[in-house]
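In what follows, a structure is listed as C-alpha cells, so that the remarks can point back to it.
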Amino acid sequence: MPARSGPIVILTGAGISKESGLDTFRDAGGVWSQVRLEDVATPEGFARDPVRVQAFYNDRRRGLLGGAVLPNAAHEALARLERDWDDDVLLVTQNIDDLHERAGSRNLLHMHGELLKARCGHCDTVHDWRADLGAGDPCPACGAGGGMRPHVVWFGEIPLYMDRIVDALDRCALFMSIGTSGTVYPAAGFVAEVRERGRAHTVELNMEPGHGASLFAEIILGPATARVPAYVERLLAEGIPG
Ligand code: APR
1 MPARSGPIVI
11 LTGAGISKES
21 GLDTFRDAGG
31 VWSQVRLEDV
41 ATPEGFARDP
51 VRVQAFYNDR
61 RRGLLGGAVL
71 PNAAHEALAR
81 LERDWDDDVL
91 LVTQNIDDLH
101 ERAGSRNLLH
111 MHGELLKARC
121 GHCDTVHDWR
131 ADLGAGDPCP
141 ACGAGGGMRP
151 HVVWFGEIPL
161 YMDRIVDALD
171 RCALFMSIGT
181 SGTVYPAAGF
191 VAEVRERGRA
201 HTVELNMEPG
211 HGASLFAEII
221 LGPATARVPA
231 YVERLLAEGI
241 PG
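Residue numbers (full-length UniProt numbering): 1 to 242.
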C-alpha cells in the first residue's frame, strides 16, 4: 500500500508520442511549421477547403495505421499505473492518436477528439473511421452526404468531457502533466485548477519546462520513454510524494 495514495489525473500531449515517431506541434519541425493551423485545424479552414482538411487528416490517419507507429514505454507505463494503482487513474489526453488505447489504457478521455473517428455535421453521430474520409461521404447513420468531418476538436471549438475532467481534477491527490507545452487552454489551465484546491501533488514530465512550469511542485525533464516508466515505478513503490 503506497505511503500516500488517492486518485490520479494524468494529462498527456504530443510529446508522449514523439518517440513513437509522431511529430509534436510546436517543436522545431513540428506540425505547425509544416502547415498553417488556420488552414487545417479551424472550422473556417474546413469551410474554406474541406478537401484540403480531409487530406491532412487522411495522411495522419494512414500514418497512424501504417504499422510503423507503436505505443512506447511511456504509454505502457501509464497503462500499468492504471492497472496496479489502488485508486482511480484518469488519463486525459490532448492527442488524437490511439497509442494510449493500444498500450492498454482504458480510463481515457480524448479531450481533443480522435483521428480514428468521424462525425456527421448533420446528425452529430460519431463513427469509428479507419479509411480515408471524403467530404462527400454519406453518414452511416442519417445517410446525408457532404457533412462528414474528422471527430477532432479544432481551435475555437469546445473540448470534450470537460465536466468529467473538472470533477476528477477536484478530487485528485496527484496531477501529472506529460509531454505538453502548456500552450492551449483549457488543458494548460488544469494545473492551476488543481493548485487552487491545495490538496494534490503536481508534477510535470517534459523535455523542457512548459509554459505553466512554475505552477508544478515537481519538474522532471527528459524523454518520456525514460522518465515516465521511472516515475511510475517510484509511485508504485513509495506512493505520492509530499
Ligand atoms: N518526451 C517528453 N516530452 C517531449 C518529447 C519527448 N520525447 N519530445 C517533445 N516533448 C515535449 C516538448 O518539449 C513540448 O513541450 O512535448 C511538448 C509538445 O508540445 P506541443 O507540440 O505544443 O504539443 P501539445 O502541448 O500536445 O499541443 C497541445 O495544441 O495544436 C494543438 O490540438 C493540438 O492537442 C494539441 C494542443
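Every residue gets a Cβ at the ideal spot worked out from N, C-alpha and C, and that includes glycine.
Since the model is a prediction, treat every value here as computed from it, not as a measurement.
Heavy atom of ligand 1 within 8 angstroms of residue i beta-carbon
i: Leu-65; result: no
i: Trp-32; result: yes
i: Leu-205; result: yes
i: Arg-227; result: yes
i: Glu-44; result: no
i: Pro-150; result: no
i: Ile-219; result: no
i: Gln-94; result: yes
i: Leu-37; result: yes
i: Asp-163; result: no
i: Pro-138; result: no
i: Phe-175; result: no
i: Asp-170; result: no
i: Ser-214; result: no
i: Gly-189; result: no
i: Gly-222; result: yes
i: Glu-157; result: no
Beta bridge counterpart(s) of residue i as assigned by DSSP
i: Ser-177; result: Leu-11 and Glu-204
i: Cys-120; result: Met-148
i: His-100; result: DSSP output for His-100 lists no bridge partner at all.
i: His-112; result: His-112 pairs with nothing; no bridge assigned.
Presumed contact (8 angstroms Cβ cut-off) between residue i and residue j, rounded CB distance
i: Arg-81; j: Asp-98; result: Note on identity: in this sequence residue 81 is Leu, with Arg being the wrong assignment. At roughly 19 angstroms, the Cβ-Cβ gap does not stay under 8 angstroms, so Leu-81 and Asp-98 are not in contact.
i: Leu-91; j: Leu-64; result: That belief does not hold up - the Cβ atoms of Leu-91 and Leu-64 are roughly 18 angstroms apart, past 8 angstroms.
i: His-100; j: His-75; result: 6 angstroms
i: His-211; j: Ser-177; result: Wrong, their Cβ atoms sit about 11 angstroms apart, outside the cutoff.
i: Glu-204; j: Phe-216; result: 4 angstroms
i: residue 248; j: Cys-172; result: Residue 248 lies beyond the stretch modelled for the chain, which goes from 1 to 242, so this question has no answer here.
i: Val-51; j: Ala-135; result: 6 angstroms
i: Thr-42; j: Gly-179; result: With a Cβ gap of about 24 angstroms, Thr-42 and Gly-179 do not count as contacting.
i: Phe-25; j: Arg-149; result: About 20 angstroms; that fails the 8 angstroms criterion.
Segment limits, alpha helix (DSSP H) that includes residue i
i: Ile-165; result: 162-171
i: Val-126; result: It is not in any alpha helix (DSSP H) - Val-126 instead sits in the beta strand (DSSP E) that spans 126-128.
i: Leu-78; result: 73-84
i: Glu-233; result: 224-238
i: Trp-32; result: 31-34
i: Tyr-57; result: 50-65
i: Asp-39; result: 37-40
Range of the contiguous beta strand (DSSP E) that encloses residue i
i: Thr-93; result: 89-93
i: Leu-221; result: 218-221
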